[in-house]
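Trainee:
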Amino acid sequence: SQQGEEDPQALSIQEGENATMNCSYKTSINNLQWYRQNSGRGLVHLILIRSNEREKHSGRLRVTLDTSKKSSSLLITASRAADTASYFCAPQTSYDKVIFGPGTSLSVIP
Amino acid sequence: NAGVTQTPKFQVLKTGQSMTLQCAQDMNHNSMYWYRQDPGMGLRLIYYSASEGTTDKGEVPNGYNVSRLNKREFSLRLESAAPSQTSVYFCASSDYLMTGRGEKLFFGSGTQLSVL
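For the record, the sequence lines run as chains L and G. Residue numbers for the first sequence follow this note's numbering, beginning at 3 and rising by one. Residue numbers for the second sequence follow this note's numbering, beginning at 42 and rising by one.
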């Protein structure tokens, strides 16, 4: 199984700024997913990037994947107070259980 | 379309009591998962079921048992609850193994369990 490690652990920015968080992992992967968790709620899937992709966009989200460095980044542009949440990455190998890292806690200050 | 439904939402137990957390999904997914989340921490995998009739241990299986009753339902049982099992429990489902290419997990809203 494969666990990602998010960095930084906590991030505080002003509304309108961009937020970048990173994920590192140890072995080859099939795909990598990012999830968001609002306080006290279940995780919500944000985006999935496959190992043969380098960049993917979804609205204000931009995810990159560098398999040579075994790392991924999640960029949230023009952040809003509603983006305040914890963000988790989940690198996956084929036929593998899904293990989450400790996450990045993002605070967007109005 | 309800997605993943967990019951109960809240539960308080005394040490040594037993209980079963229920989870059902209506998306015809093959894979189902149970996680626990302690305050300020990420999710830790307790058990998962890749398909109906199969279950496997995750990171923290001790003190728990699971049953994949059918394709829709995956229950988590605490036989003798301990204060260390106070946590928020999340159930999730996906079609990962069907496609083998990776599919997103859908989560329930969680069960907040306190063991006194």
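Positions of the beta carbon are idealized from the N, C-alpha and C atoms, including for glycine. In this text the structure is predicted, and so the values were computed from the model without any measurement.
Exposed or buried, G:H70, counting other C-beta atoms within 10 Å across all chains shown (16 or more means buried)?
Mentor: buried
Trainee: Taking C-beta pairs closer than 7 Å, name the residues in chain G that L:I101 reaches, listed in chain order.
Mentor: L86 and E100
Trainee: Output needed for G:K145: all residues of its chain with C-beta closer than 8 Å, excluding positions within five of it in sequence on either side, in chain order.
Mentor: S135
Trainee: Using a Cβ-Cβ cut-off of less than 9 Å, give me the residues of the segment 72-85 of chain G that come near chain L, in sequence order.
Mentor: S72, Y74, Y76, Q78, G81, M82, G83, L84 and R85
Trainee: Would you identify the three-state DSSP class for G:A122, choosing helix, strand or coil?
Mentor: coil
Trainee: Using a Cβ cut-off of 7 Å (strictly closer), state whether L:G44 contacts chain G.
Mentor: Chain G, which has a Cβ nearer than 7 Å to the Cβ of L:G44, makes this yes.
Trainee: Below 8 Å between beta carbons is the criterion; list the residues of the segment 30-44 of chain L that meet it against any residue of chain G, in chain order.
Mentor: Cβ proximity to chain G below 8 Å picks out N32, N33, Q35, Y37, G42, R43 and G44 from the segment 30-44 of chain L.
Trainee: Determine whether the Cβ of L:H47 lies closer than 7 Å to any Cβ atom of chain G.
Mentor: yes
Trainee: By Cβ distance, which residues of its chain are closer than 6 Å to L:R38, with the 5 residues on each side in sequence left out?
Mentor: V46, L48, A87 and Y89
Trainee: Does the CB of G:K145 have a neighbour CB from chain L at under 7 Å?
Mentor: yes
Trainee: Compare the C-beta of L:P93 with all C-beta atoms of chain G and state if any pair is closer than 7 Å.
Mentor: no
Trainee: Using CA coordinates, which residue listed in G:T95, G:A122 and G:V101 is at the minimum distance from G:K112?
Mentor: Nearest to G:K112 by C-alpha distance, out of G:T95, G:A122 and G:V101, is G:T95.
Trainee: Just verifying my parser: in three-state terms, what is the DSSP assignment at G:D79?
Mentor: Coil, per DSSP.
Trainee: Taking only runs that begin and end inside the segment 17-102 of chain L, name each unbroken beta strand (DSSP E) of 3 or more residues, in chain order.
Mentor: With a minimum length of 3 residues, the continuous beta strand (DSSP E) runs that stay inside the segment 17-102 of chain L are 21-26, 33-39, 46-52, 57-60, 63-68, 73-78 and 87-94.
Trainee: Bridge partners of G:S155, per DSSP?
Mentor: G:V53
Trainee: Could you list which residues in chain L have their beta carbon closer than 9 Å to that of G:Y89, in chain order?
Mentor: Neighbourhood of G:Y89 in chain L, by CB distance below 9 Å: K99 and V100, in chain order.
Trainee: Given a cut-off of 7 Å on the beta-carbon distance, is the pair L:C91 and L:E8 in contact?
Mentor: Yes, these two residues count as a Cβ contact at 7 Å.
Trainee: Tell me, to the nearest whole angstrom, how far the beta carbon of G:L154 is from that of G:L84; I am working on the premise that it is less than 8 Å.
Mentor: Not quite, the Cβ-Cβ distance comes to about 15 Å (not below 8 Å), so this is no contact.
Trainee: Against chain G, does L:G61 count as a neighbour if the rule is that its beta carbon must be under 7 Å from one of theirs?
Mentor: no
Trainee: Check for me: the beta strand (DSSP E) holding G:M60 runs from which residue to which?
Mentor: M60 to Q66
Trainee: Under a three-way DSSP split, which group does L:V110 fall into?
Mentor: strand
Trainee: By alpha-carbon positions, which one of G:T56, G:N106 and G:K50 ends up nearest to G:P124?
Mentor: G:T56
Trainee: DSSP three-state call for G:D97: helix, strand or coil?
Mentor: strand
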